[in-house]
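Q: Sharing a structure, written as structure tokens. Questions coming.
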Amino acid sequence: MTGLTDTHCHLTCDELYEDASAVIARAKEAGVDSMMIMCTSPTELEHAFPIRESDPDTFRVAFGWFPEDASWVSDKELAYLEQLAAEHKIDVLGEIGLDYHFDTSFKEKQKDLMIRQIEIANRYGLPIAIHMRDASKDCMDILKTYAKTPIIFHCYSGSTETMKEALKLNSMISFAGTVTFKNNKQGPANVIACPADRILSETDAPFLAPVPKRGKRNEPAYVQYTVEKMAELKEMDPEDLKKQIRANFNSLFQ
Ligand code: NI
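Letter by letter, the sequence shown follows residues 795 to 1048 in our numbering.
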């Protein structure tokens, strides 16, 4: 297979960066020739730049302050992000959003951080990658009010109802390896309900490895299993789905 797209991999996080060149070689071998490197710290970002520079047709780079960073991020960190955007150093702003799964003690700070980052994306016309966990209502309210650039709903795992709301916005719905899990009913239902021209594939590596690699460290090469499953669910030729996903992904950057 060629032409596979991984819209969300943490290639420069500690777990993957230690053998990044082998991980990239296996991805290429598996036919993954478009990857977005998600960075959650300045160090991860500094490591991502030379990777993109060495192969700009394959790699894009994203940076944003994660919801849990809201407990400590100050104006200084937002100024850092704004400068990255102003200097065109990032292709996508993210992942940003709301996560109430483990900690709901600083919801207002999370919301404020999400809004301020969306405003930066708006100023520089950058697509945003959204992390939304157990926070659909607040997250959708903020996006409806503030988002003016294309939205990627990363590792979408909400209800089909919320997905339909999300589809009313200028957005793409990205699915990860969780849709291959046997006990997952909602993910497959969402894949089926999502129009082909709004769908994306991702690994979220090193997390959430798809079946048959479930439980192992995830890496971009494994996006093939997720795309195969998505094609089966949508009763589409995998080749057609891959092409459609690539076109969808590229459309975010026009
Ligand atoms: Ni992620």
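All C-beta atoms in this analysis are idealised placements derived from N, C-alpha and C, irrespective of residue type, glycine included.
All figures in this text were calculated on a predicted structure; none of them were measured in a lab.
Going by C-alpha distance, which of Thr997, Tyr918, Thr801 and Thr834 is nearest Lys942?
A: Here residue 942 corresponds to residue number 148 of the sequence shown, with the count starting at 1. Selected option, being the one with the closest Cα: Tyr918.
Q: I think Gln1038 touches Ala990, with their Cβ atoms under 8 Å apart; what is that distance to the nearest whole Å?
A: Start at 1 with the first residue of the sequence shown, and residue 1038 comes out as number 244. Start at 1 with the first residue of the sequence shown, and residue 990 comes out as number 196. Their Cβ separation, rounded to whole angstroms, is 5 Å, which keeps Gln1038 and Ala990 in contact under 8 Å.
Q: Below 7 Å between beta carbons: does that hold for Ile967 and Ile986?
A: What you label residue 967 is simply residue 173 of the sequence shown in a count that begins at 1. What you label residue 986 is simply residue 192 of the sequence shown in a count that begins at 1. No, the Cβ-Cβ distance between Ile967 and Ile986 is not below 7 Å.
Q: Would you mind listing the alpha helix (DSSP H) stretches within the segment 905 to 934 that are 4+ residues and don't spill past its ends, in chain order?
A: None, since the segment 905 to 934 contains no complete alpha helix (DSSP H) of that length.
Q: Tell me which residues share the same chain as Leu875 and place their Cβ nearer than 8 Å to its Cβ, disregarding the 5 neighbours each side in the sequence.
A: In the sequence shown, counting from the first residue as 1, residue 875 sits at position 81. Phe857, Gly858, Trp859, Leu887, Gln911 and Ile914, listed in sequence order.
Q: Would you say Met832 touches the ligand FAD, meaning its beta carbon is less than 6 Å from a heavy atom?
A: In terms of ligand content, the structure shown lacks the ligand FAD and carries the ligand NI instead.
Q: Please look up how many angstroms separate the CB atoms of Gly981 and His925, rounded, as I've assumed it's under 8 Å.
A: For the purposes of this step, residue 981 is taken as residue 187 along the sequence shown, with counting starting at 1. For the purposes of this step, residue 925 is taken as residue 131 along the sequence shown, with counting starting at 1. In fact, because the Cβ distance is near 16 Å, the residues do not count as touching under 8 Å.
Q: Considering only C-alpha positions, which residue in the set Thr972, Ile831 and Lys1028 is nearest to Ala923?
A: To locate residue 923, count along the sequence shown from 1; it is residue 129. Checked all of Thr972, Ile831 and Lys1028; the closest Cα to Ala923 is Ile831.
Q: Between which two residues does the beta strand (DSSP E) harbouring Met966 extend?
A: Against the sequence shown, residue 966 aligns to sequence position 172. Note, Met966: beta strand (DSSP E), Ser965 to Phe969.
Q: Mapping the DSSP letters down to three states, classify His802 as helix, strand or coil.
A: Position 8 of the sequence shown, counted from the first residue, corresponds to residue 802. Reduced to three states, the DSSP call for His802 is strand.
Q: Going by beta-carbon coordinates alone, are Asp800 and Thr997 separated by less than 7 Å?
A: The residue you call residue 800 lines up with position 6 of the sequence shown. The residue you call residue 997 lines up with position 203 of the sequence shown. The answer is yes: Cβ separation under 7 Å.
Q: Contact defined as beta carbons within less than 8 Å: I believe Val855 pairs with Asp813. What is the distance between those atoms, to the nearest angstrom?
A: Against the sequence shown, residue 855 aligns to sequence position 61. Against the sequence shown, residue 813 aligns to sequence position 19. Going by Cβ atoms, the distance from Val855 to Asp813 rounds to 19 Å, so no, they are not a contact pair.
Q: Confirm the yes/no value for this check: CB of Asp808, any heavy atom of the ligand NI, distance under 6 Å.
A: By 1-based counting over the sequence shown, the position of residue 808 is 14. Flag unset: Cβ of Asp808 not near the ligand NI.
Q: In whole angstroms, what separates the C-alpha of Lys1036 from that of Lys822?
A: In the sequence shown, counting from the first residue as 1, residue 1036 sits at position 242. In the sequence shown, counting from the first residue as 1, residue 822 sits at position 28. About 15 Å.
Q: Over the uninterrupted alpha helix (DSSP H) stretch that includes Glu889, give me the two end residues.
A: Taking the sequence shown and counting its residues from 1, one reaches residue 889 at position 95. Taken as a continuous stretch (DSSP letters only), Glu889 belongs to no alpha helix (DSSP H), being part of the beta strand (DSSP E) at Val886 to Asp893.
Q: Any idea if Glu1033 is buried or exposed, counting beta-carbon neighbours within 10 angstroms, 16 or more meaning buried?
A: The sequence position of residue 1033 within the sequence shown is 239, counting from 1. Flag for Glu1033 reads exposed.
Q: Please confirm whether any heavy atom of the ligand NI lies closer than 6 Å to the CB of Glu862.
A: For the purposes of this step, residue 862 is taken as the residue at position 68 of the sequence shown. Not so, every heavy atom of the ligand NI lies at least 6 Å from the Cβ.
Q: How about Ala970 and Leu937: do their beta carbons lie closer than 7 Å?
A: For this step, residue 970 is matched to residue 176 along the sequence shown. For this step, residue 937 is matched to residue 143 along the sequence shown. In this structure, Leu937 does not lie closer than 7 Å to Ala970 by Cβ.
Q: Does Leu1094 come out as helix, strand or coil in the three-state DSSP assignment?
A: Outside the modelled stretch of the chain, which goes from 795 to 1048, sits residue 1094, for which no answer is possible.
Q: Check the DSSP bridge columns for Cys833 and list the partner residues they point to.
A: Locating residue 833 in the sequence shown gives position 39, counting from the first residue. According to DSSP, which records beta bridges pairwise, Cys833 is partnered with Phe857.
Q: What residues in its chain sit with their C-beta under 8 Å from that of Phe900, if we drop five residues either side in the sequence?
A: As a position in the sequence shown, residue 900 is number 106, starting the count at 1. The answer, listed in chain order, is Ala864 and Ser865.
Q: Label Gly952 either buried or exposed according to how many other C-beta atoms from any shown protein chain fall within 10 Å of its C-beta, with 16 as the threshold for buried.
A: Within the sequence shown, residue 952 is the residue found at index 158, counting from 1. Result: buried.
Q: Just curious, the alpha helix (DSSP H) that Phe1043 is in, first and last residue?
A: Along the sequence shown, one-based indexing puts residue 1043 at 249. From DSSP, the alpha helix (DSSP H) with Phe1043 extends over Pro1032 to Ser1045.
Q: Does the ligand NI have even one heavy atom less than 6 Å from the beta-carbon of Asp1051?
A: Residue 1051 is absent from the model: the chain starts at 795 and stops at 1048.
Q: Cβ of Glu889 versus every heavy atom of the ligand NI: is any distance shorter than 6 Å?
A: Translated into the one-based positions of the sequence shown, residue 889 becomes position 95. Yes, since a heavy atom of the ligand NI falls inside the 6 Å radius drawn around the Cβ of Glu889.
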